[in-house]
Amino acid sequence: MLWLALAACGADPVLPRATWVLKGEGVVGTVSGRDGCRIGLWGPTWGTPGTALVPCTAESTPAGVWIGFPFETGSSEGEAALLLDLAQGTATLPLGSRQGEHSVGLTLSQGELATAERQPAAAATVGSLATWRAAWEAGSFRIQGGDALVGEVQFRGELPAQVGLYDVSWMTDGVVDALLLDEGPDLILVFDAEPSLTGDPSVLRVNRPTNGAVVPLGLIPSPAELTYRLVPGTVSEAERAEAQAMAAMAAGQRELSVGLMLVAALGEQANDVFFRSEGDDCPSLGSLDGEWAVLLVGYQVLIERVPLGCAVRVEPNRVQHGRRLAAHVGPDGRVVESVLRGL
Numbered sequence: 002m003l004w005l006a007l008a009a010c011g012a013d014p015v016l017p018r019a020t021w022v023l024k025g026e027g028v029v030g031t032v033s034g035r036d037g038c039r040i041g042l043w044g045p046t047w048g049t050p051g052t053a054l055v056p057c058t059a060e061s062t063p064a065g066v067w068i069g070f071p072f073e074t075g076s077s078e079g080e081a082a083l084l085l086d087l088a089q090g091t092a093t094l095p096l097g098s099r100q101g102e103h104s105v106g107l108t109l110s111q112g113e114l115a116t117a118e119r120q121p122a123a124a125a126t127v128g129s130l131a132t133w134r135a136a137w138e139a140g141s142f143r144i145q146g147g148d149a150l151v152g153e154v155q156f157r158g159e160l161p162a163q164v165g166l167y168d169v170s171w172m173t174d175g176v177v178d179a180l181l182l183d184e185g186p187d188l189i190l191v192f193d194a195e196p197s198l199t200g201d202p203s204v205l206r207v208n209r210p211t212n213g214a215v216v217p218l219g220l221i222p223s224p225a226e227l228t229y230r231l232v233p234g235t236v237s238e239a240e241r242a243e244a245q246a247m248a249a250m251a252a253g254q255r256e257l258s259v260g261l262m263l264v265a266a267l268g269e270q271a272n273d274v275f276f277r278s279e280g281d282d283c284p285s286l287g288s289l290d291g292e293w294a295v296l297l298v299g300y301q302v303l304i305e306r307v308p309l310g311c312a313v314r315v316e317p318n319r320v321q322h323g324r325r326l327a328a329h330v331g332p333d334g335r336v337v338e339s340v341l342r343g344l
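Following our numbering, the numbering of the sequence shown begins with 2 at its first residue and continues without gaps.
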């Protein structure tokens with residue numbers, strides 16, 4: 002079941018005896034207080050049941066009027082809550098369990114929604130829900146990052162869910178079992194993937210109303226997080242092998258470019274400290290300015306004395322996706338050697 006929590010209640014339900022039109026990107030709806038509370042709201046992959054208005058509840062709070070109503074997605078049926086700001090002419094529909102995530106912003110204008118606009122929008126939502134309902138019953142999805150195939154997920158009822166990821170940023174060892182947790186409108190998948198730098202498992206959040214997915218960086222959504230979308234279907238072995246190879250190549254190219262730049266910068270600072278000091282030893286990683294230990298997590302770093310100054314060598318602590326670079330940079334900043342281990 003999908004549960005989107007209704008905000009804390011205030012006084013008696015309050016909704017003026019009027020009708021409003023709701024509009025947003027790919028969303029059309031209407032809410033009315035003329036004959037009790039009634040609402041119809043139709044989005045691309047979610048909406049109120051059917052094509053007619055359905056009964057709702059209204060609660061007045063300091064934030065505005067919260068409208069509670071039946072809500073359907075391709076995977077579940079439950080209750081949703083829409084916040085109306087009648088003074089500002091806006092409405093907000095929260096669709097994610099993390100604060101502000103997947104929230105849908107709508108304009109709110111008093112008037113009647115034309116039948117010619119309501120019927121096609123409602124019919125499109127009904128059709129979309131039928132398609133996604135069949136997809137969720139099958140349980141197999143491709144994970145897309147833009148136009149690229151970056152993974153797959155299979156929801157298998159009582160059996161463990163399975164995830165396969167082959168993105169430039171992370172990769173699983175084929176298709177692996179995942180722990181599946183339910184958090185309101187979100188499904189949380191927990192599994193092993195590379196690079197694993199601290200031993201912690203990887204996490205993917207799947208939002209059922211939007212069929213989107215995100216790699217969370219914390220409890221608060223961040224623009225830096227990787228975002229994907231689910232597409233119904235399976236992945237063939239040939240597709241998977243090709244996507245894995247492309248992801249490994251792209252990750253290696255990025256690691257060479259960024260990693261060598263970091264090692265060269267580290268060498269420059271180490272030599273600067275060395276030539277300004279009176280000793281014969283090169284500085285240690287921890288004695289240098291900057292968060293070098295954080296930037297080079299997953300690598301063994303050696304700063305060593307050579308005839309003309311300090312050279313830097315790096316090796317992966319453990320060869321894995323995104324941590325394959327072995328490099329030697331001389332005191333003049335030139336790359337003496339670089340290779341991607343295991344490729």
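Heads up, the beta-carbon is just placed ideally off N, CA and C, and yes, glycines get one too.
E184: which of L326, L341, S98, A149 sits nearest, CA to CA?
-> Checked all of L326, L341, S98, A149; the closest Cα to E184 is S98.
Per-residue DSSP class, three states only, for A12 = Low confidence applies here, because A12 scores a pLDDT of 40, under 50, leaving its location unreliable; read the following figure in that light. Coil.
Inter-residue Cα distance where the pair is D148 and T235 | Distance between the alpha carbons of D148 and T235: 16 Å.
In three-state terms, what does DSSP make of T20?
-> DSSP, reduced to helix, strand and coil, places T20 within a strand of the structure shown.
Can you give the Cα-Cα distance for L344 and T62, rounded to whole angstroms?
-> Rounded to the nearest whole angstrom, the C-alpha separation of L344 and T62 is 60 Å.
Taking the C-alpha atoms as reference points, what is the distance between V302 and L296?
-> Taking the straight line from one Cα to the other gives about 11 Å.
Beta-carbon proximity check, G253 vs L150, cutoff 7 Å | Cβ distance not < 7 Å, so G253 and L150 don't count as in contact.
For I189, I'd like the list of residues in its chain whose CB is within less than 7 Å of its CB, leaving aside the five on either flank, ordered along the chain.
-> Excluding sequence positions up to five before and after I189, its CB lies within less than 7 Å of the CB of L182, V204, R206, all in the same chain and listed in chain order.
With 16 other Cβ atoms within 10 Å as the buried cut-off, status of R277 = Under a 10 Å Cβ-count criterion, R277 is classified as exposed, with fewer than 16 other Cβ atoms of the shown protein chains found around its own Cβ.
By the 10 Å Cβ neighbour count, where 16 or more other Cβ atoms means buried, how is V232 classified, buried or exposed?
-> By the 10 Å Cβ count, V232 comes out exposed.
Can you list, in chain order, the residues of its chain whose CB lies under 8 Å from that of P196, leaving out five sequence neighbours each side?
-> Contacts found: W171, G299, Q321, H322, G323, R324.
Rounded C-beta distance between L84 and A59? I'm assuming under 8 Å.
-> No, L84 and A59 are not in contact; Cβ-Cβ is about 11 Å, not under 8 Å.
Counting only the same chain and skipping the five closest in sequence on each side, list residues whose C-beta sits under 7 Å from that of F275.
-> Cβ neighbours of F275 beyond the five flanking positions: C283, P284, G310, C311.
Helix, strand or coil at W47 according to DSSP, with G and I counted as helix = W47 falls in the strand class under three-state DSSP.
Do three or more CB pairs link the segment 33-45 to the segment 69-88 at distances below 8 Å?
-> Note that the segment 33-45 touches the segment 69-88; at least 3 beta-carbon pairs, one per stretch, sit closer than 8 Å.
If you run the structure through DSSP and keep just helix, strand and coil, what is L130?
-> Residue state for L130 is assigned as helix, using DSSP reduced to three classes.
In the DSSP assignment, find the unbroken alpha helix (DSSP H) run with S258 in it and report its ends.
-> Per DSSP, S258 belongs to the alpha helix (DSSP H) from 238-277.
Is there contact here, the segment 124-144 with the segment 243-263, by at least three beta-carbon pairs under 8 Å?
-> In this structure the segment 124-144 does not touch the segment 243-263; the number of beta carbon pairs closer than 8 Å is below three.
Which whole-angstrom value describes the C-beta separation of V32 and L23, a residue pair presumed to lie in contact below a C-beta threshold of 8 Å?
-> Between V32 and L23 a beta carbon distance of about 6 Å is seen, short of the 8 Å cut, so the two are scored as contacting.
Give the DSSP-derived three-state secondary structure of G75 in the structure shown.
-> Reduced to three states, the DSSP call for G75 is coil.
Coarse secondary structure for S203, derived from DSSP in three states | Looking at S203 - three-state DSSP - the assignment turns out to be strand.
Pull up the CB-CB distance for V127 and G75, whole angstroms please, since I reckon it's below 8 Å.
-> The C-beta distance from V127 to G75 rounds to 12 Å, too long to fall under 8 Å, and the pair is not in contact.
As assigned by DSSP and simplified to three states, the class of R157 | Residue state, collapsed to three classes: coil.
Locate the beta strand (DSSP E) running through A294, then write down its first and last residues.
-> Here A294 belongs to no beta strand (DSSP E); instead the alpha helix (DSSP H) covers 293-296.
Where does R255 land, buried or exposed, given buried means 16+ other C-beta within 10 angstroms?
-> By the neighbour-count criterion, in which a residue is buried when 16 or more other Cβ atoms sit within 10 angstroms of its Cβ, R255 is exposed.
Return the residue from the list D333, N318, F156 that minimises the CA-CA distance to S270.
-> First, the residue type needs correcting, since residue 270 is Gln and not Ser in the sequence shown. Checked all of D333, N318, F156; the closest Cα to Q270 is D333.
Separation of L166 from A327, as counted between CA atoms | Between A327 and L166, the alpha-carbon positions lie close to 25 Å from each other.
Residues that G34 bridges to, as DSSP identifies them | According to DSSP, which records beta bridges pairwise, G34 is partnered with nothing at all.
Residues bridged to D86 by DSSP?
-> T91.
Please state if the CB of V55 and the CB of G44 are separated by a distance shorter than 7 Å.
-> Taking C-beta atoms as the reference points, G44 and V55 fail to come closer than 7 Å.
Residues bridged to V315 (per DSSP) = DSSP, once it has assigned bridges, lists V302, A328 as partnering V315.
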